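Chemist: Numbered according to the numbering used here, the sequence shown terminates at residue 296, and the numbering increases by one at each position without gaps.
For each residue, glycine too, the CB sits at the ideal point set by N, CA and C.
Owing to the predicted nature of the structure, the values given are computational and were not obtained by experimental measurement.
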Amino acid sequence: MLLPGRRPPFDARISAPRVPAPLSVSHLEPGGIVLSEGLARQTIPFDDHGPRCDNPALFDALRKLNADGIPFQYQPQVVDAPARLMAWWQETGRLADTFSEIAWLSPEQWRITFIPVPVQGVMGWDGRAGPFAG
């Protein structure tokens, strides 16, 4: 995922092999935020009306999960994946917090990367927001 306004390398934590991954925000489904931990899944309902990038119920729920320290799964192929929404809200100034993103390095090892809030001028970013900009 391109993260304008942020200078790599980002702070990250890599697990030891075979350490179970923590609870994480997996994906969105109609009306629900899916959390996963190993094979266990749970769904947090939200009012899923209108574009997800402008949905106040979704924003509040994801912001609370972030405040609770729950990472968001890296899904570059999904346009409205929770991690992409978090990055978008940072870029538009709506979210002023770092969030964490989890990705698998192998089936038995994962990495959590801490995604900082973008700063205008860093790596040429002019403050324009990313994938949901009209």
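Where does G286 land, buried or exposed, given buried means 16+ other C-beta within 10 angstroms?
Modeler: Numbered from 1 along the sequence shown, position 124 holds the residue referred to as residue 286. It counts as exposed.
Chemist: Under 9 angstroms between C-beta atoms, does P233 make it to chain C?
Modeler: No chain C appears in the structure shown, which is made up of a single protein chain.
Chemist: Apply the 10 Å Cβ neighbour rule to V241 and answer buried if 16 or more other Cβ atoms are within range, or exposed otherwise.
Modeler: Position 79 of the sequence shown, counted from the start, is the residue given in the question as residue 241. With fewer than 16 other Cβ atoms within 10 Å, it is exposed.
Chemist: Counting pairs of Cβ atoms below 8 angstroms between the stretch 216-234 and the stretch 181-193, do you hit three or more?
Modeler: With a cut-off of 8 angstroms, the stretch 181-193 and the stretch 216-234 count as touching, because enough Cβ pairs lie within range.
Chemist: On the three-state DSSP scale, how would you describe Q235?
Modeler: Taking the sequence shown and counting its residues from 1, one reaches residue 235 at position 73. The answer is strand: DSSP assigns Q235 an E or B state.
Chemist: Just list the residues that DSSP pairs P207 with in beta bridges.
Modeler: Position 45 of the sequence shown, counted from the start, is the residue given in the question as residue 207. Its beta-bridge partners are G194.
Chemist: Just to confirm the assignment, what range does the beta strand (DSSP E) spanning W266 have?
Modeler: To locate residue 266, count along the sequence shown from 1; it is residue 104. Its beta strand (DSSP E) spans residues F261 to S268.
Chemist: I need the DSSP call for V187, collapsed to helix, strand or coil.
Modeler: Here the question's residue 187 lines up with position 25 in the sequence shown. The answer is strand: DSSP assigns V187 an E or B state.
Chemist: Since I believe I277 is in contact with R169 (beta carbons under 8 angstroms), could you give me their beta-carbon distance rounded to a whole number of angstroms?
Modeler: Within the sequence shown, the letter at position 7 stands for residue 169. Within the sequence shown, the letter at position 115 stands for residue 277. R169 to I277, Cβ: 12 angstroms. No contact.
Chemist: Would you kindly report the start and end of the unbroken beta strand (DSSP E) that includes A174?
Modeler: Indexing the sequence shown from 1 puts residue 174 at position 12. Taken as a continuous stretch (DSSP letters only), the beta strand (DSSP E) holding A174 covers A174 to I176.
Chemist: What does the Cβ neighbour count give for P280, buried or exposed, with the cut at 16 atoms within 10 Å?
Modeler: Stepping through the sequence shown from its first residue, residue 280 is reached at position 118. Under this definition P280 is a buried residue.
Chemist: Under DSSP, the beta strand (DSSP E) around R273 begins and ends at which residues?
Modeler: Start at 1 with the first residue of the sequence shown, and residue 273 comes out as number 111. R273 -> beta strand (DSSP E) spans Q271 to I277.
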